[in-house]
Amino acid sequence: MLMASRVLVIVATGDREKALAGLMYAKNASKYGWVEDVKLILFGPSERLAAEDEEVGGRVRELSHLHPYACKAVSDRYETSERLRELGVEVEYVGSIVSRFIKEGYTPLVW
Numbered sequence: 010m011l012m013a014s015r016v017l018v019i020v021a022t023g024d025r026e027k028a029l030a031g032l033m034y035a036k037n038a039s040k041y042g043w044v045e046d047v048k049l050i051l052f053g054p055s056e057r058l059a060a061e062d063e064e065v066g067g068r069v070r071e072l073s074h075l076h077p078y079a080c081k082a083v084s085d086r087y088e089t090s091e092r093l094r095e096l097g098v099e100v101e102y103v104g105s106i107v108s109r110f111i112k113e114g115y116t117p118l119v120w
């Protein structure tokens, strides 16, 4: 069976429990070497959640070694760009970044 060796974890949900589940997967996949590489992108409602919810924001900060991204268009609209940067998130326009990771062979997993 062929398994994905690199995953792109996209946390897009505004649901706290789903977001925490996605972040937990990203943490454990990286920590335990379940896959060769893990990339993390926050997109949409999860950006506001990370900026406003202490536990979610803390989990994102713990994953700063993964160099997570958040969508600048969304975070500017939510007025959360600065807070996300404080959490160690790179705030960029992510459409081309997502596409690049997929072209590089990353398998997207979306929460």
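Per our numbering: the sequence shown = residues 10 to 120.
Just so it is clear, CB atoms sit at the ideal spot from N, CA and C, and this is done for glycine as well.
Whose C-alpha, out of ARG86, GLY42, SER55, ASP62, is nearest the C-alpha of PRO77?
-> Residue 77 sits at position 68 when you count from the first residue of the sequence shown. Nearest option by C-alpha distance: SER55.
Might you give, ordered along the chain, the residues of its own chain that have their beta carbon closer than 6 angstroms to the beta carbon of LEU32, omitting 5 neighbours on each side?
-> In the sequence shown, counting from the first residue as 1, residue 32 sits at position 23. Only ARG68 meet the Cβ criterion.
Can the beta-carbon of VAL16 be found closer than 8 angstroms to that of ALA28?
-> For the purposes of this step, residue 16 is taken as residue 7 along the sequence shown, with counting starting at 1. For the purposes of this step, residue 28 is taken as residue 19 along the sequence shown, with counting starting at 1. No, the Cβ-Cβ distance between VAL16 and ALA28 is not below 8 angstroms.
Pull up the distance between the alpha-carbon of VAL83 and that of VAL103, whole angstroms please.
-> In the sequence shown, the residue the question calls residue 83 occupies position 74. In the sequence shown, the residue the question calls residue 103 occupies position 94. Using only the alpha carbons, I get a separation of about 10 angstroms.
Neighbourhood of ASP46 by C-beta, 7 angstroms cutoff - its chain only, sequence neighbours within 5 removed = As a first step, residue 46 is located in the sequence shown; it is residue number 37 there, counting from the start. Excluding residues within five positions, the ones whose Cβ falls inside 7 angstroms are ARG15.
Cβ of ALA35 within 8 angstroms of Cβ of LEU49?
-> Locating residue 35 in the sequence shown gives position 26, counting from the first residue. Locating residue 49 in the sequence shown gives position 40, counting from the first residue. Yes.
Can you say whether ARG25 is buried or exposed, counting buried as having 16 or more other CB atoms within 10 angstroms of its CB?
-> Here the question's residue 25 lines up with position 16 in the sequence shown. Per the 10 Å Cβ criterion, exposed.
Span of the beta strand (DSSP E) around LEU122 | Because the chain here runs from 10 to 120, residue 122 falls outside it and cannot be looked at.
Hey, ALA79 and LEU51 are a contact pair by Cβ (cut 8 angstroms); roughly how many whole angstroms apart?
-> Mapped onto the sequence shown, residue 79 falls at position 70. Mapped onto the sequence shown, residue 51 falls at position 42. Correct: roughly 4 angstroms between the Cβ atoms.
Just the C-alpha distance for GLU113 and ARG70, rounded to the nearest angstrom, thanks.
-> Counting from one through the sequence shown, the residue named residue 113 turns up at place 104. Counting from one through the sequence shown, the residue named residue 70 turns up at place 61. The alpha-carbon atoms of GLU113 and ARG70 are separated by roughly 26 angstroms.
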